[in-house]
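Working notes, structure below.
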Amino acid sequence: MSHILLITSSPRVDSYSTKIARALAEKLASGTPAPSLVIRDLTREPLPHIDDIFAVARNLPPEKLTSEQRAALTLSDSLLSELFAADTIIIGAGMINFSIPSNLKAYIDYILRPGVTFSYGEKGAEGLVKGKKVYLVLARGGVYTEGPMKQFNFQDPYLRACLGLIGLGDIEVITVEGVAFGPEVADKAVRAAMARVSAIAA
74 MSHILLITSS PRVDSYSTKI ARALAEKLAS GTPAPSLVIR DLTREPLPHI DDIFAVARNL
134 PPEKLTSEQR AALTLSDSLL SELFAADTII IGAGMINFSI PSNLKAYIDY ILRPGVTFSY
194 GEKGAEGLVK GKKVYLVLAR GGVYTEGPMK QFNFQDPYLR ACLGLIGLGD IEVITVEGVA
254 FGPEVADKAV RAAMARVSAI AA
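Just so we're aligned, residue 74 is where the sequence shown starts under this note's numbering, counting upward by one.
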């Protein structure tokens with residue numbers, strides 16, 4: 074059986090990124106045989122920001138950890154179990170101040186673990202999370218794929234960099250942008266995104 078991990082992070086109740094990401098997850102999960110679906114809602118269940126104990130513990134070998142440090146890694150271990158188990162990962166994120174929501178940044182802080190999700194060798198960094206498909210569903214009020222605002226897009230470049238570090242390079246982006254330009258533009262963007270969802274699920 075295949076496994077789908079859906080991660081949503083938009084703080085908005087009526088979120089375009091969450092709507093499209095959920096639609097994609099549900100369509101992919103409706104296949105035969107039906108994959109399992111795990112939903113990680115970072116808005117309803119926000120993660121605490123990492124602290125000094127975690128920052129030190131993440132760089133230590135298991136045999137050097139104190140009981141307090143092991144406890145600090147427990148949440149990260151749980152998140153990584155979900156990540157490694159998934160064959161398909163769907164991440165929904167709205168653009169907040171040109172980047173991603175802080176709850177998604179916290180999630181990334183927990184899954185970028187030296188020696189667990191990536192390592193350094195003679196050839197540089199090597200990702201240890203491999204063989205998975207990633208879909209990024211990204212919503213933006215303006216247009217950032219082209220034009221003068223493109224230089225302010227730190228949303229998908231950041232996500233691609235972090236995911237690439239841990240070995241997730243098979244990434245497809247579904248963009249819902251220009252939604253602040255009025256209902257007609259927003260509806261057109263949503264329809265285009267849903268068409269992509271249908272094509273992917275097919």
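Every residue, glycine too, gets a C-beta built ideally from N, C-alpha and C.
| Check | Outcome |
| --- | --- |
| Three-state secondary structure (DSSP) of Ser154 | helix |
| Straight-line gap, Tyr180 to Tyr193 (C-alpha atoms, nearest Å) | 22 Å |
| Spatial distance of Cys235 from Glu250 (CA atoms) | 22 Å |
| Ranges of the beta strand (DSSP E) found wholly within the region 173-215, counting only runs of at least 3 | 191-194, 197-200 and 206-213 |
| Option nearest Leu209 by Cα separation, candidates Ala94, Pro108 and Ser75 | Ala94 |
| Euclidean distance between Cα positions of Lys261 and Thr116 | 26 Å |
| CB of Ala266 within 8 Å of CB of Gly215, strictly | no |
| Own chain partners of Ala259 with C-beta closer than 7 Å, once the 5 adjacent residues on each side are dropped | Val252 |
| Cβ shell of Asn277 (< 7 Å), same chain only, five flanking positions each side left out | Since the first residue of the chain shown is 74 and the last is 275, residue 277 is not available in this structure. |
| Residue closest to Ala268, alpha-carbon to alpha-carbon, out of Gly255, Thr248 and Glu257 | Thr248 |
| Neighbourhood of Asp182 by C-beta, 7 Å cutoff - its chain only, sequence neighbours within 5 removed | Ile123 |
| Every unbroken alpha helix (DSSP H) within the region 212-271, with a cutoff of 4 residues, ordered by chain | 229-238 |
| For Arg113, three-class secondary structure by DSSP | strand |
| Continuous beta strand (DSSP E) stretch holding Ala107: start and end | Note, Ala107: premise wrong, no beta strand (DSSP E); not H, not E. |
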